[in-house]
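Asks:
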Amino acid sequence: MARPIRWMLFFVLCTAASVQLTAQQQVRPESMADLDRENQRLADMIIRTVDENNSGTAVPEIQIGGFYFKGYEIPLGTYWSQNLLQSLINGAGRKFKIIDTYSGGLTASASTASLANKYSLRGEIVEIGSMIRIYTRLVKMDDVSLLAGWQSDFENTPFLWELLQTSGSSLSNVPRDMYEPDSRENPVTMEVGGNWMNRTIHANDVDWFLVQTNGPGLLSIEVEGDFDSYLEFYSGTGYSLLDENDDYDGNNPRIQYFTSEAASYIVKLRPYSDSTGSYSIRAQLLDMDITSMEPNNTRAQAFEITLGEPVTGYFQDEDDVEWFKVRVPSDGGLLVVYTTGNQDTKLTLYDERGRKLAEDDDSGSEYNAKVSTVAVGGLYFIELTDYDGARGLYTLHTEIRDMLGVDEYEPDNTFSSAKPIDVGAEPQRRTFTDSSDVDWVRFTVTQRGYYGIRAQGENDLSLDTYIELYDEDQDLIDEDDDGGEYYDSYLRVRLDPGTYWIKVSTLDSEPSDFYLLSVEFLR
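With mature numbering (1 follows the signal peptide of the UniProt record, and there is no 0) applied, the sequence shown corresponds to residues -23 to -1, 1 to 500, in that order.
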């Protein structure tokens, strides 16, 4: 945890002394080795200074203190002081003792006589534009006068910026980043297609960016951070709000905006509340032309797609409706239509005469929609919207799948007709004939311990299964819905020897995949 500075008055007194600081040429650090060289050069100068000013018979003593950034310890300060300590200990021609600050050494409250020929070496780190300066001060402990001072100047490279970060995210210890100050009138340029930019949000901070595209495509602004942030996206001219986003991925926002030509945009990132912390941001332009499918906002304008070939589209605004049509060549099988991506989609399926066949919101993976119907040769129409009216990408899939029919374990729809399954055996491949179908299975436990019961889709990760576990008296022991991956059910339960019954059902309105049922001994 960062520790506040305790020597502020001490530094004020030192700074007031009429001793000129020795400057060094600015260095561009890319590694610890670059810092080590400058640290060693400083140690050599300190050794010479102490030796030149030693007029007494007593061996000089130097106490090594801390180097603080805005009153707090940071990795750069700790590294600088500890490396300086080591360099002085190993320095050639050293004629003084080293006292570690944290070993209970010298104190400013000791008598003046006892502090003669004793020094304190400490400093502070400041940010000056794009430069980081480390002030090092050698102070006489008997009269608190500044004997000598040095300044080490470094370019604020990404490597050095990482060493400036404090731990935690309280309002008091998150530093300004290397791109400050910035504003709406003076935004930081974010290169499209460039690397992640590392920045911070400190107390009362808002960050501004200028993004310039060189042609059409889908502009994607992505954020990864350790606090809850909010993105606002504006036109470069006129400053009109085009889009905004809060929680695309957890606490991280994302903006996706289709640009039809070269243009400039302003991006504003702010904390959702009073949170602070570090984050990374980048801009990418995806080569994508959505105009080839537009306009397709009505059934009459439906864009024809090929069965089995996914298409990627983009919701342009909250009122955008996407219409597609797909031709099924012959009767047979199950027509399954679903979306993938990070949008909360809604699907409605119609036949050629406009009759609604199916409608769904969240039966697919995550918040994606999925509908299905028994396939009959002919033309089908698909209406696709975003449930929340959010902009963003989606991918639409159309497939013909085999009708599942009745599996080899039927009839098994009741407790009394349950079919056996062995613990540790290969998973049983089963089907739901429809949304109301249930499968009963029984197994025998011979060893007390923990057991895992899983029902997962064979091919379709969005198949939503449900498990219930009963004892021989048909009393419910435990149940699970989505304890496995995606919508798979997985039950981990401790069992004594005996016989148990599993009831497996589905929450899908039209299940369209086999599922695998297994029972395993865990420990």
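C-beta atoms are modelled at their ideal positions from N, C-alpha and C, and glycine is treated no differently. Source: prediction; values computed, not measured.
Is the beta carbon of M155 less than 8 Å from the beta carbon of I258?
Replies: no
Asks: For G318, I'd like the list of residues in its chain whose CB is within less than 6 Å of its CB, leaving aside the five on either flank, ordered along the chain.
Replies: L370, Y371, T372
Asks: By a C-beta neighbour count over all protein chains shown, 10 Å radius and 16 as the cutoff for buried, is M270 buried or exposed?
Replies: Residue environment for M270: buried (at least 16 other C-beta atoms within 10 angstroms of its C-beta).
Asks: For M220, which beta-bridge partners are listed by DSSP?
Replies: Note that residue 220 corresponds to Asp in the displayed sequence, not to Met. BP columns for D220 point to F210.
Asks: Quick check: T375 and V298, are their CB atoms within less than 8 Å of each other?
Replies: Taking 8 Å as the Cβ cut-off, T375 and V298 do not qualify as a contacting pair.
Asks: If you follow the alpha helix (DSSP H) that S58 is in, where does it begin and where does it stop?
Replies: 52 to 66
Asks: With a threshold of 16 other CB atoms inside 10 Å of the CB of V481, please say whether the residue is buried or exposed.
Replies: buried
Asks: Tell me the residue span of the alpha helix (DSSP H) that contains A10.
Replies: 9 to 29
Asks: R378 bridges to which residues according to DSSP?
Replies: L311
Asks: Measure the Cβ-Cβ separation of S307 and L438 and say whether it is below 8 Å.
Replies: No. Outside cutoff.
Asks: May I have the straight-line CA-CA distance separating D448 from D457, to the nearest angstrom?
Replies: Looking at the two C-alpha atoms, the distance is approximately 16 Å.
Asks: What separation, rounded to the nearest whole angstrom, lies between the Cα atoms of M118 and A35?
Replies: 14 Å
Asks: Put F204 into one of helix, strand or coil per three-state DSSP.
Replies: Coil, per DSSP.
Asks: Rounded to the nearest angstrom, how far is the Cβ of Y492 from that of G401, given a contact under 8 Å?
Replies: With 8 Å as the limit, Y492 and G401 do not qualify as a contact, their Cβ atoms being about 19 Å apart.
Asks: Whole-angstrom Cβ separation of Q261 and V348, contact assumed at under 8 Å?
Replies: With a Cβ gap of about 32 Å, Q261 and V348 do not count as contacting.
Asks: Just how far apart, CA to CA, sit T275 and K302?
Replies: For T275 and K302, the distance between alpha carbons rounds to 11 Å.
Asks: Let me know the secondary structure DSSP gives F491 once reduced to three states.
Replies: coil
Asks: For my contact list, I479 and I430 are in at a C-beta cut-off of 8 Å; report their separation, rounded to the angstrom.
Replies: 6 Å
Asks: Which residues in the same chain have their Cβ closer than 8 Å to the Cβ of N436, if we skip the five residues on either side of it in sequence?
Replies: D490, F491
Asks: Here's the rule I'm using: 16 or more other beta-carbon atoms within 10 Å means buried, otherwise exposed. How should T483 be labelled?
Replies: buried
Asks: Report the residue from N222, R25, Y234 whose alpha carbon sits nearest the alpha carbon of Y249.
Replies: N222
Asks: Just reading off the beta strand (DSSP E) that F136 is part of, what are its end residues?
Replies: Unbroken run through F136 is the alpha helix (DSSP H), 135 to 140; no beta strand (DSSP E).
Asks: Grouping DSSP H, G and I as helix and E and B as strand, with all else coil, what is T268?
Replies: Helix.
Asks: If E38 and K74 are in contact, beta carbons under 8 Å, what's the gap, nearest whole angstrom?
Replies: Correct: roughly 5 Å between the Cβ atoms.
Asks: So, using beta-carbon positions, are L440 and T410 closer together than 8 Å?
Replies: no
Asks: For S349, which beta-bridge partners are listed by DSSP?
Replies: V313
Asks: For the putative contact between T26 and A125, defined by C-beta atoms under 8 Å, what is the C-beta separation to the nearest angstrom?
Replies: 5 Å
Asks: Helix or strand or just coil, what does DSSP make of R276?
Replies: helix
Asks: So, with DSSP's three-state summary, where would you put W173?
Replies: Coil at W173, not helix or strand.
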